[in-house]
Ligand SMILES: *Cc1c(COP(=O)(O)O)cnc(C)c1O
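Numbering (my numbering), first residue to last: 46 to 506.
Shown next as structure tokens:
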């Protein structure tokens, strides 16, 4: 399988090269040149497989030719070995024909483990084959950092540097990162905000001379391998409610558009998906573009669902590429128009987006109401991101006979503020994290200065 850039100028690359490159050198994102398509009969024949067996079948065409089948199977096995539920991605029913897909059974209690547990192993494999090393730099507002560290910590070919805004992540989120004490793991608390951290990572990718020849790799969802791993649970959950013999709908709490983009790909690969609902919080640019063709940037709000506090959703470019007939030059032109302040899509592109997605926005007050109501109705406690997804599912649903699955992206214990505001009790930390507040922490506080951060990185590789 070859991968091409959404901006049409960078060279087509193999899976392994895309894995290590992250962003394309023309500023675009890599997407598969063609998608595999599975017939109804083939999908139906997967109904009894384990999650890991299904994962292999769904992902194999994307890596074939680059990774041997046996090696890929064992990476998949290891990636999901320390999830705390035998089904890996279990489902819970919340109402008639309405389900929640629990994607928080991995080591850091958010869905990002699905992709990052595999990504770390894939990178380690390819780097070992090539006898190379890679420096990972990433910025986090919370969940990505810990999941990336957990995914990379066991590789002696990766050095990982995660930047978080000093004193602006929750204590659970900080401790999930800073209590991982390994020689190749570096947590940096930057005296600035999340945008400052992300800006430093972007600047470091653009000019890597401070690394003295070492190479930089990406763990955020611009990395294609993350999207690939997320396609699998759309298939597993749909199969468990009767697909492909019936249609299924999904609602997805959305920030960077990575998770829901994987659902869109599952549909293109043959899964009979009826609706795909984009659920946003007050930071609603994705809802506005789908509903009104309005992509204007507004100032960022701090909400009770911080993992969705994002203004520019980088993966949306992957969808826009399809919406413009996969014309890289058109995307290149569109992106420069966006930077000059243009805020809408042409009619044909907007119709494409509307044809595939519904959307809904939920504010903090409603989020808490939903957590409280669902708990009263079912005794099931939602995290704030999932509550937004479930409310959007209920508001956008068109056909009650089609099963509606909301992706539960995090465990409620990670977001005690929202749970308490909803009048519910914060659950206890799960067994493997019970002593989180007693564990030793290690992190370095640095000024909001690119040269300080880059000096720290180059001195530690
Ligand atoms: C990252 C994250 C999201 C948003 O996912 P995207 O792929 O960026 O759309 C939603 N909920 C939680 C809990 C997250 O950690």
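Yeah, the Cβ is synthetic: ideal placement off N, Cα and C, and Gly gets one too.
With three or more CB-CB distances shorter than 8 angstroms, the region 199 to 212 counts as touching the region 226 to 244. Bounds of any beta strand (DSSP E) do not take in residue 448, whose DSSP letter is neither H nor E. Under the criterion of beta carbons closer than 8 angstroms, residue 412 and residue 375 do not qualify as touching, at roughly 37 angstroms.
DSSP lists 207 as the beta-bridge partner residues of residue 183. When distances are taken from the beta-carbon of residue 301 to the heavy atoms of ligand 1, the shortest one is below 6 angstroms.
For residue 144, the enclosing beta strand (DSSP E) has its first and last residue at 143 to 147.
Here the distance from the Cβ of residue 451 to the nearest heavy atom of ligand 1 is not below 6 angstroms. Not one heavy atom of ligand 1 falls within 6 angstroms of the beta-carbon of residue 296. Secondary structure within the region 286 to 371: the beta strand (DSSP E) runs of 3 or more consecutive residues, fully enclosed, are 293 to 298 and 318 to 325 (chain order). Within the chosen limit of 6 angstroms, ligand 1 reaches the beta carbon of residue 454 through at least one heavy atom.
A direct Cα-to-Cα measurement between residue 220 and residue 400 gives close to 42 angstroms.
Taking the Cα positions, residue 125 is about 44 angstroms away from residue 386. The DSSP-derived three-state label of residue 140 is strand. Between ligand 1 and the CB of residue 339, the shortest heavy atom gap is not smaller than 6 angstroms. Membership of residue 420 in any beta strand (DSSP E) is not indicated; the residue belongs instead to the alpha helix (DSSP H) covering 409 to 423. With respect to residue 491, residue 502 sits apart: the two C-beta atoms are not nearer than 7 angstroms. Per DSSP, reduced to three states, the secondary structure at residue 118 is helical. For residue 153 against residue 114, the beta-carbon gap comes to about 29 angstroms, at or over 8 angstroms, which does not count as contact. Taken atom to atom, the span from the alpha-carbon of residue 300 to that of residue 100 is near 24 angstroms. Annotated as distal: residue 235 and residue 198, with beta-carbon spacing of 7 angstroms or more. As the crow flies, the alpha-carbon of residue 312 is around 11 angstroms from that of residue 292. Checking the 6 angstroms criterion, the Cβ of residue 123 is out of range of every heavy atom belonging to ligand 1.
Taken from the Cβ of residue 356, every heavy atom of ligand 1 lies 6 angstroms or farther away. Residue pairing for residue 231: DSSP places it in a beta bridge opposite 206. Ranked by how close their Cα comes to the Cα of residue 326, the residues 200, 437, 165 and 504 have 437 in first place. Between residue 136 and residue 282, the CB-CB gap stays under 7 angstroms. For residue 353, the distance from the CB to the nearest heavy atom of ligand 1 is below 6 angstroms. The region 412 to 430 makes contact with the region 137 to 152, as at least three CB pairs between them are under 8 angstroms. Remark: C-beta atoms of residue 286 and residue 103 do not approach each other more closely than 7 angstroms.
For residue 394, the Cβ stays outside the 6 angstroms cut-off from all heavy atoms of ligand 1. Contact annotation, residue 255 with residue 68: C-beta distance approximately 18 angstroms; criterion of less than 8 angstroms not satisfied.
Shortest Cα-Cα distance from residue 339 to any of 216, 345 and 331 involves 331.
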